[in-house]
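K.L.:
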Amino acid sequence: MAEEHVDSYYGASANSSHGRESLQGDISCDVCVIGAGFTGLTVALELAEKGLDVVVLEAAWAAWGASGRNGGQICSGFSADMDKIEGWVGTEDARRLWSMAEEGKAIIAERVARHAIPCDLKYGYLYAADRPKHRAWLAPMVRDWNETYGYDQARVVGREELRGLVRTDRYLGGVLDEGGGHLHPLNYALGLATAAEAAGVRIFENSPVTAIDTGANPWARTEAG
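Mapped onto numbering that gives the first Met the number 0, the consecutive letters of the sequence shown carry residue numbers 0 to 224.
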């Protein structure tokens, strides 16, 4: 429900989500996941689909934190340029990291399709340059992506084509990445929660964990359970 989230576009346009009970009393499970964000809900869903009994304990509401407030961009590569990453870890490990990132993009798309998550997933990501030095990076970046990582979904766009895409004279050029895109992060997370529950996951909201024990008989404690 939009009123349960921060005052933002994502909060205002959130899909309806039924309220979930807080944990009351003692229960048991195979796996207890703390936090109902992207990571927690994804782990819970994956484990439940493998037949495990999973409980998720969330201090507020599903996707209350960063998972429901981020930009929602699905970008190729990483925030650091790939040539920097190559310098840090070497070409072969940089290729492995690139492949992992691409796998992540594919997992998101597959999950949205398989669970019919209504999160406005759209493809087409534009890197726009407003300075000559930024424009100078574009062609080498696309060439590196293609030659080093085998990525062929990005291309350089000139000023005229860019003007047709964004209707402004501000930018000198850009890169159009058809393999990148955007989704509504809050609705994606809410969809993960719904899919997880359909797979048998029990999600308890307003259930902040106050203590945990990771010993031979692990447990997690909340204010009421």
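Glycine is no exception: its CB is placed at the ideal position from the N, C-alpha and C atoms.
Would you mind sorting A43 into buried or exposed? The rule is 16 or more other CB atoms within 10 Å of its CB.
P.N.:
When all chains shown are included, A43 counts as buried.
K.L.:
At what residues does the beta strand (DSSP E) containing D176 begin and finish?
P.N.:
Run containing D176: G172 to H181, per the beta strand (DSSP E) assignment.
K.L.:
If you count every other CB in all the chains shown that lies within 10 Å of the CB of A153, and 16 or more means buried, which is it?
P.N.:
Buried.
K.L.:
How big is the Cα-Cα spacing for M0 and E109?
P.N.:
At M0, the pLDDT of 41 sits below 50, so the modelled position is not reliable; the number obtained from the coordinates is stated separately. Whole-angstrom Cα-Cα distance: 25 Å.
K.L.:
Name, in chain order, the residues that DSSP records as bridge partners for Q72.
P.N.:
Answer by DSSP bridge pairing, in chain order: H181.
K.L.:
Could you check what DSSP says for A112 in three-state terms: helix, strand or coil?
P.N.:
A112 falls in the helix class under three-state DSSP.
K.L.:
Do V5 and I26 count as a contact pair if the criterion is CB distance below 8 Å?
P.N.:
No, Cβ-Cβ distance for I26 and V5 is not below 8 Å.
K.L.:
Buried or exposed for T193, going by 16 or more other Cβ atoms inside 10 Å?
P.N.:
By the 10 Å Cβ count, T193 comes out buried.
K.L.:
Identify, in the order they occur along the chain, each residue of the same chain with its Cβ nearer than 7 Å to the Cβ of G67, setting aside the five sequence neighbours on each side.
P.N.:
Same-chain partners within the cutoff: H4, Y9, P184, L185 and A188.
K.L.:
Which residue comes first and which comes last in the alpha helix (DSSP H) that contains I84?
P.N.:
Counting along the chain, the alpha helix (DSSP H) containing I84 begins and ends at M81 to V88.
K.L.:
Around the C-beta of A210, are 16 or more other C-beta atoms found within 10 angstroms, so that it is buried, or is it exposed?
P.N.:
Label assigned to A210: exposed.
K.L.:
Are there three or more Cβ pairs, one per stretch, closer than 8 Å when the segment 114 to 133 is compared with the segment 169 to 177?
P.N.:
Touching, per the Cβ criterion.
K.L.:
Which same chain residues end up closer than 7 Å to G64 when comparing Cβ atoms and leaving out the 5 residues on each side of it in sequence?
P.N.:
So the qualifying residues of the chain are G36.
K.L.:
Provide the residue span of the beta strand (DSSP E) that contains T167, from first to last.
P.N.:
Unbroken run through T167: none, as it is neither H nor E.
K.L.:
Should A41 be labelled buried (16 or more other beta-carbon atoms within 10 Å of its own) or exposed?
P.N.:
With the sequence shown as reference, residue 41 is identified as Thr, and Ala is not the correct amino acid for it. So T41 ends up on the buried side.
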